[in-house]
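Following: one structure in structure tokens, then a few remarks.
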Amino acid sequence: MGATQTHSEYQYENMVGKTGFSTEQIKNLHMRFQQLSGNEKTLRREHLKNIPALANNPIKTEIIEAFFDKRNQLDNELGSYEEIGFEEFLMVMSHFRPLSIKTSEEERTAMRRQKVRFLFNMHDTDGDGKITLEEYRKAVEELLSESGTIGQEGARAIADAAMLEVASTNVPNLGPDDFYEGITFEHFEEILKDLEMESRMHVRFLDMNTANLRCGKTSS
Amino acid sequence: SAADRNRIHPNMAVLGPGPASFRFGSVLLILLILSGSSWTRDVPTGRNDTRPELNRERDGQNRDHGNNATKHKAFPVLELNYDYVRMPFEISLWILLALLMKLGFHIIPRISHIVPESCLLIFVGLLIGGVIKAIQEKAPVMDTKLFFLYLLPPIILDAGYFLPIRAFTENMGTILVFAVVGTLWNAFFIGGMMFAVCQIEAAAAAHVSLLSCLLFGSIISAVDPVAVLAVFEEIHINELLHILVFGESLLNDAVTVVLYHLFEEFSHADTVTVGDAFLGVVSFFVVSLGGILVGVIYGVLGAFTSRFTSHFRVIEPLFVFLYSYMAYLSAEVFHLSGIMSLIACGVVMRPYVEANISHKSYTTIKYFLKMWSSVSETLIFIFLGVSTVEGPHNWNWIFVVFTLVFCLLSRVLGVVGLTFIINKFRIVKLTKKDQFIVAYGGLRGAIAFSLGYLIHQDEGSKDTRGMFLTAIITVIFFTVFVQGMTIRPLVELLAVKKKKESKPSINEEIHTQFLDHLLTGIEDICGHYGHHHWKDKLNRFNKTYVKKWLIAGERSSEPQLISFYNKMEMKQAMMLVESGSAAKLPSVSKKVKRTAEQQSEPTPERMIPKISKTREAEIRRILRANLQNTRQRLRSYSRHDFFMDPFEDNMSEVRFRRQRVEMERRMSHYLTVPAKQQETPSVRKVWFEPEHKVYTYDKNESTRPSDSAALLDESNQRADGQSEREKPTRCLSDPGPDEEGSCFLPS
């Protein structure tokens, strides 16, 4: 017990550097990880699927996939894991760190890029570096999935319109015979630049305390 | 008077050719004289000594009549009976004058760039007040009842109805802290310091009690929504700062109401115990929460009523106005915060009402609100000017100067101190620049003045009241004139972020929603019940229960993304129709046909002219390119933005056509997606019939009495060819009266 404790403390320090979380936050997240995985060392998709609160979320599948996506880890390979360890879990969570007042301009841009990249990976399911019409349609359909069949037809139209918009804003001189293959990462950044992702895409990790961690427990 | 009228006519004749502004200016002058002289037509009884000419005239008339009575009384062809219409005549004249002034400022562009409108209006008010005083008449002062019951509600309702909810709720904590704690700090600091000042020998105001000073402090401490709106809307500052200052000005009403009544009561009582102070705190919660509750109740009532108005669309706007006004009045009955009630009512009512009412009603509501609030604001500022000249004044140098100094000081200290604490809890911190703008934007206005007028005479002596009023007016003038005029160059100087002029983009809407769900999911995975979790729960509750009750028909289950999209499409379609070019578009179809043949999947046979994806996409594109309203249908909660709305402007036909042609080009190629990319393209069609009937509507799709631009979906899922045959058309432009209900926009 003593040995594992020092071992994990050492690991924590390592992760502080990589992910930017504080030791306190890492400890809290570790406890949550263990809760979710039933005290195993690795987390699998079923563990996440069993979270009751997540059941109502229309994009549940995408969120869960994002945890197992290799592209969201530092190495940026393609493909996905079957199960992840705490480090990978933490890496994904670090995409949602809020800004602090001391962040410099370059850090802000880097953080924004990282967050937008995360979003892009969520949409680009086949990993070819472009969000095609089909992938976009799927995303919109999921968003509207709670509303039944009206949603499906509506989703198609909306996705089409959205693609059109991206195409016309980013490639203004599309010739009559050109074909817009899909949204590249740069175009994606462009259309989201007004949303200021670096300040919107965050979750408060500060407020977590262990008492809250008992809620939303996975299957007993 | 007849003499006046005679004088006017020759002037009119002289106003022949000449520059517009000159003509306009002289009309204005004439109106000024008219309005001034209208005040001379005072009550005929009792003024006989001061108006000799008038009396002589009247006597002359009487004598004439008398003479006629002895003879055969001729039928009076022309009679003068001014008293009959006196009240409405004068009111209308005032309002007309106010609006002409406003118009005049915009014709003279140079001034309106430097000086904010509110300053100009106060200045005009001063002029009029001076004129009236010169004629030695009694001017209409800003009667408190007039102000609080008639002039203020339209402005607040306008602000509340079009409040940007997302920004407001995201910053709610900050706004509340500024509104409550900030105002309390201001009130006590100023009250206390002024009491200390009053003790100074030189001030000669030692008779003013502490409670009176605290009362004074509470009146002058509140940031005024009217003034803030008037000034901030012209400088187009970024949304965060705007909502912070504006939200604060709205929410501090509860604090002001409580403090004012508290100190007023206390000053009549002999002793103040701790129990009383405690009751004061309790009353604050009662006032604010009670006001909100009243507003919510009326809001729900209004939403519920709007569910049934589909058969009588013409009165829909009235319901909105009346319910809101009733909310305000009901709150005022119990001395609750009327402003908070009004805001709550507007905010609660809006999403449901908009889902239920027709497009025309929506436009009516929008226009009426903006119109009324505009008129109100103008009148308020002019009255402020007039009342300044008129009101009981007691210029006490030391008191006034120190009041001004302490107001500024307390504002700065309050903002800086509070921001220091708030920033510990905020994700997006407030920078020094932000703090400066927030502090600088703490304008005082007419509310403070009216409250000052309310102070009873028996407060101390009449002088105290006069002294207070003078100080209040000075502070108001200073903040409105000096701060109002300098804030624009300061904003430029400090390079504060301005409001983004962004068009609503369906991509942004999609991703905002996506992000909401994503963050909720991450919070759930973390096991952390945060902001997003509760917001999600509220939305879910709203969707399952509330919407079913308050929204008519099938609209209740429509997801937000679809409503947004439909709104955009409908707007586009309307613009297309209005440009009258509907019939000419088939030229595009040639290209489409060619490319359609290249597609591997066969296009099913169509009975009707082939405007397919191209047309539809084109519409979308045109719309998006010209749309300037926002995703909640109206981001512009400012009157100034409103006037710039291109949708209501006349678009130049040429520009429009050029854009369209360009877009046709772009549209067709994106949509000629090679077959491998899609299995079943959903080809959506919009069917244009030449004349005025424009939209097709598939019976199968929905039985909604209201409508969206229901475009046909030709995907293979539709097995029945029924879609092709029966297409009841819907007219978009000008339906007959009996079809009113069926013709308009979803939300």
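Chains B and D supply the protein sequences, listed in that same order.
Sequential numbering of the first sequence, starting at 17, is according to the numbering used here.
Sequential numbering of the second sequence, starting at 31, is according to the numbering used here.
Heads up, the beta-carbon is just placed ideally off N, CA and C, and yes, glycines get one too.
Ala173 (chain B) and Phe136 (chain B) have their C-alpha atoms roughly 21 angstroms apart.
Neighbourhood of Arg570 (chain D) in chain B, by CB distance below 8 angstroms: Asn72, in chain order. Within chain B, Ala155, Val156, Leu159, Ile174 and Ala178 have C-beta atoms less than 8 angstroms from the C-beta of Ile540 (chain D), given in sequence order. Unbroken alpha helix (DSSP H) stretches of 4 residues or longer found wholly inside the segment 496-542 of chain D: 514-524, given in chain order. Any Cβ of chain D closer than 7 angstroms to the Cβ of Ile147 (chain B) would place that residue at the interface, and such an atom is absent. Here His203 (chain B) has Val182 and Asn186 as same chain residues with Cβ atoms under 7 angstroms from its own Cβ, once five neighbours each way along the sequence are excluded. Under DSSP, Thr200 (chain B) takes part in a beta bridge, and its partners are B:Lys146. Excluding the 5 residues flanking it on each side, Lys463 (chain D) has same chain C-beta neighbours closer than 7 angstroms at Leu524 and Val526, in chain order.
Going by beta carbons, Ala252 (chain D) and Thr286 (chain D) fall inside the 7 angstroms limit. Assigned with DSSP and collapsed to three states, Asp85 (chain B) falls in strand. By the rule that beta-carbons nearer than 7 angstroms mark a contact, Ala126 (chain B) does not touch chain D.
Our two residues, Trp427 (chain D) and Ile503 (chain D), have alpha carbons roughly 13 angstroms apart in a direct line. Burial is judged here by how many other beta carbons sit within 10 angstroms of a residue's own beta carbon; His139 (chain B) has at least 16 and is buried. Remark: C-beta atoms of Ile75 (chain B) and Glu169 (chain B) do not approach each other more closely than 7 angstroms. Beta-bridge pairing by DSSP links Arg60 (chain B) to B:Glu99.
For His561 (chain D), the enclosing alpha helix (DSSP H) starts and ends at His561 to Phe571. Of all alpha-carbon atoms in D:Gly320, D:Met202, D:Leu549 and D:Lys163, the one lying nearest the alpha-carbon of Val363 (chain D) is that of D:Gly320.
With a cutoff of 7 angstroms on beta-carbon distance, Ile555 (chain D) and Pro114 (chain B) are scored as not near each other. Residue contact with chain B for Val458 (chain D): present (Cβ-Cβ distance below 7 angstroms to some residue of chain B).
In the structure shown, Ile205 (chain D) falls within a helical segment according to DSSP collapsed to helix, strand and coil. Beta-bridge pairing by DSSP links Ile267 (chain D) to D:Lys528. Not a single CB atom of chain B sits nearer than 7 angstroms to the CB of Asp464 (chain D). Leu548 (chain D) and Arg128 (chain B) have their C-alpha atoms some 16 angstroms from each other. Under the 8 angstroms Cβ criterion, the segment 398-416 of chain D counts as touching the segment 178-192 of chain D, having at least three qualifying pairs. The C-beta of Gln41 (chain B) has 16 or more other C-beta atoms within 10 Å across all chains shown, which makes the residue buried. The count of Cβ pairs closer than 8 angstroms, one atom from the segment 67-83 of chain B and one from the segment 30-37 of chain B, stays below three, leaving the stretches out of contact.
Scanning B:Thr200, B:Phe201 and B:Ala175 for the CA closest to the CA of Glu539 (chain D) turns up B:Ala175. Going by DSSP, Trp579 (chain D) is part of the alpha helix (DSSP H) stretching over Lys577 to Leu580. At a cut-off of 7 angstroms, the C-beta of Gly447 (chain D) has no neighbouring C-beta in chain B.
Here DSSP, grouped into helix, strand and coil, assigns Met379 (chain D) to helix. Met370 (chain D) sits in a helix when the DSSP states are folded into three classes. A direct Cα-Cα distance of roughly 13 angstroms separates Glu212 (chain B) from Glu121 (chain B). In this structure, Gly101 (chain B) sits near Thr58 (chain B), with a CB-CB distance shorter than 7 angstroms.
Excluding residues up to 5 positions away in sequence, Pro183, Gly368, Ser371 and Leu372 lie with their Cβ nearer than 7 angstroms to the Cβ of Tyr358 (chain D) in the same chain. Against Tyr595 (chain D), the close residues of chain B are Gly170, Ala173, Ile174 and Ala177, in the order they occur along the chain (beta-carbon pairs closer than 8 angstroms).
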